Amino acid sequence: MAEFTMELNEDQVGVRDWIHGFAADVMRPAAAEWDEREETPWPVIREAAKIGLYSLDFYAQQFLDPTGLGIPMTLEELFWGDAGLGLAIAGTGLAAIGVFTNGTDEQIGTWVPQMYGDANDVKLAAFCSSEPDAGSDVAAMRTRAVYAEATDEWVLTGTKTWATNGGIADVHVVVAVVDPALGSRGHASFIVPPNTPGLSQGQKFKKHGIRASHTAEVVLDGVRVPGHCLLGGKEKLDERLARARERAAKGGERGRNAAMATFEASRPAVGAQAVGIARAAYEVALDYARTRVQFGRPIIDNQGVAFQLADMRTRIDAARLLVWRASWMAATGKSFTSAEGSMSKLFAGETAKTVTAQAMQILGGNGYTREYPVERMHRDAAIYTIFEGTSEIQRLVIARAVSGVPIR
Ligand SMILES: Cc1cc2nc3c(=O)[nH]c(=O)nc-3n(C[C@H](O)[C@H](O)[C@H](O)COP(=O)(O)OP(=O)(O)OC[C@H]3O[C@@H](n4cnc5c(N)ncnc54)[C@H](O)[C@@H]3O)c2cc1C
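Numbering follows full-length UniProt numbering, in which position 151 of the sequence shown is assigned residue number 151; successive positions increment by one, without gaps.
Here you go:
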């Protein structure tokens, strides 16, 4: 088992520098344009695919890094480049993780390659869980999956919302209710293969930030998928449902939910994205403070400015430490007894929001304009206290984990 270390090995440094080069040379120059266009940045995704940065091989390699640092290191660099373009490249990973964590080896081998495609024919994937009335309250989900035994098919009906790559993805992973009596324990995940009739894109959302990333509703109108599209398989689902029913009959013992454990493991990846945005804004602010002269001296000569930069850098390093700790815990199979994954996402998300606001303040009027990138970074950072569990929900999870009290 890998020991926790803050020192990247030679291979990791090589990969980090390679991604940094792409972020600096390809993403940074394109960021403002795609933010304005608010469209999927296909040329940038294709460029990433061409060099192997948008590929199943690359992500699998980072995912399997025994130190756990491959994914956070990758995402920090990509999102340092730009968050909207970063999510356009990394969004497929959300759906891929859903298959990696819940699918059988055969399902992983069949579907994950189709989520990425190859450099000549790039594909995307979407993970669809949220619904108009089921955001934080996942148990309120209404999308139903009904098994048609005669044809060994599942029929999916409902509306998903805010899905990254929703409707433009080739492969959709859809979470649906198979037993409404069991709340979130009665959910299962399904693959909807490319071009399946009945799946369509609803409204595409215009957003405050991460505007190069596509976010839309996904409408499922009697979508029929073969039995083998149920992630994990029917036998495993039946066993899980039987256990959940038994627990419910005994008085509803809650226990730890498998989905919760998956979230704990995936949240540090989102935290790493937030660290990348914060670091980018901090660097712009540091440069600016050194060169902007007011009252006859660089503004960094004022403690009021320099101390802000000191706080920004301290928070960013602390956020990275929490992200790396949780990523290492996930990779080495440690249990998240104090919701360390949620801690990392909470702190990193709040850090991105605070640090980008401070950066904007340090740049003064320039910071508020689109002549400088911190205005965009501030808009991009705002989502990091909302998606993948809001900051309030992270606090709820942490408070429950550390206290053992079912706090509401
Ligand atoms: C750009 C974007 C991309 C997204 N991508 C995806 C995706 O790919 N797939 C997907 O499935 N979803 C996605 N989402 C959905 C996202 O995960 C949800 O928006 C998020 O979980 C919050 O749900 P909600 O918006 O319904 O807020 P609500 O749950 O309605 O919350 C509203 C407010 O109430 C607070 N609140 C709610 N309950 C409690 C409580 N018990 N205690 C204290 N405060 C509470 C929240 O913290 C929040 O401040 C995306 C959203 C956006 C905006």
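Glycine included, each C-beta is placed from N, C-alpha and C at the ideal position.
The structure presented is a predicted model; accordingly, all values stated were derived computationally and were not measured.
>> Spatial neighbours of R379 within its chain, please: C-beta separation below 6 Å, excluding the five flanking residues on both sides.
In response: H208 and G209
> Across which residues does DSSP place D187 in a beta bridge pair?
Replying inline: The sequence as given places His at residue 187; Asp does not occur at that position. Partner(s): V177.
> Can you tell which of I393, N165, T157 and K250 has the C-alpha that lies nearest to the C-alpha of V177?
Replying inline: T157
>> Could you compute how far the alpha carbon of V225 sits from the alpha carbon of R267?
In response: 29 Å
>> Considering only their Cβ atoms, is the gap separating P66 from M115 smaller than 9 Å?
In response: no
> Identify the residues that DSSP records as bridge partners of F347: which are they?
Replying inline: F347 is not bridged to any residue.
>> Please report the distance separating the alpha-carbon of L69 from that of Y59.
In response: 12 Å
> For the putative contact between I168 and L220, defined by C-beta atoms under 8 Å, what is the C-beta separation to the nearest angstrom?
Replying inline: Not a contact, Cβ separation roughly 16 Å.
> Can you tell me whether DSSP reads G158 as helix, strand or coil?
Replying inline: strand
> What distance in whole Å lies between the Cβ atoms of G389 and S342, which are believed to be in contact at a cut-off of 8 Å?
Replying inline: 7 Å
> For K204, does the three-state DSSP call read helix, strand or coil?
Replying inline: strand
> For A289, is the classification buried or exposed, using 16 other Cβ atoms within 10 angstroms of its Cβ as the cut-off for buried?
Replying inline: Label assigned to A289: buried.
>> Does the beta-carbon of T369, which I'm using as the reference point, lie nearer than 8 Å to any heavy atom of ligand 1?
In response: no
>> For chain B, check one thing: does any of its Cβ atoms lie closer than 9 Å to the Cβ of E106?
In response: In the displayed structure, chain B is absent; only one protein chain is listed.
> With burial defined as no fewer than 16 other Cβ atoms inside 10 Å of the residue's Cβ, what is the status of P180: buried or exposed?
Replying inline: exposed
>> Considering only DSSP beta bridges, list what C128 is partnered with.
In response: V174
> From M141 to R408, what distance separates their C-alpha atoms?
Replying inline: 19 Å
> Which residues in the same chain as V44 place their Cβ atom closer than 6 Å to its Cβ, once the five residues preceding and following it in sequence are excluded?
Replying inline: A30 and L85
>> What I want to know is whether the C-beta of T143 ends up closer than 8 Å to one or more non-hydrogen atoms of ligand 1.
In response: no
> Between the Cα of M377 and the Cα atoms of E340, A32, Q12 and V26, which residue gives the shortest distance?
Replying inline: A32
> Q107 and G232: beta carbons closer than 9 Å?
Replying inline: yes
> Just the Cα atoms here: how many angstroms apart are M6 and V13?
Replying inline: Straight-line Cα distance between these residues: approximately 12 Å.
> Got a sec? Which residues, its chain only, sit under 7 Å from I51 by beta carbon, not counting five neighbours each side?
Replying inline: F22
>> What does the Cβ neighbour count give for E47, buried or exposed, with the cut at 16 atoms within 10 Å?
In response: buried
>> With a threshold of 6 Å on Cβ separation, who are the neighbours of A401 within its own chain once the five nearest residues in sequence on each side are excluded?
In response: S338 and A339
> So is G365 buried or exposed if we call it buried at 16+ other beta carbons inside 10 Å?
Replying inline: exposed
> Based on Cα-Cα distance, which residue from E371, I362 and L230 lies nearest to N302?
Replying inline: I362
> Where do the N-terminal and C-terminal ends of the beta strand (DSSP E) with T74 fall, by residue?
Replying inline: Segment G70 to G81 is the alpha helix (DSSP H) holding T74; no beta strand (DSSP E) there.
> Within 10 angstroms of its Cβ, does P41 collect 16 or more other Cβ (buried), or is it exposed?
Replying inline: It counts as buried.
> Looking at C-alpha atoms only, which residue of T74, A272, T161 and V223 is the closest neighbour of P132?
Replying inline: T161
> Around the C-beta of E264, are 16 or more other C-beta atoms found within 10 angstroms, so that it is buried, or is it exposed?
Replying inline: buried
> Taking the alpha helix (DSSP H) that E217 falls in, what are its first and last residues?
Replying inline: No alpha helix (DSSP H) holds E217; the beta strand (DSSP E) holding it covers T215 to P226.
>> Taking a contact to mean a Cβ-Cβ separation below 9 Å, would you say Y282 touches I316 in this structure?
In response: yes
>> I'd like the list of long-range same chain contacts for G276, defined as Cβ closer than 6 Å, with 5 residues on each side in sequence excluded.
In response: E76, F79 and W80
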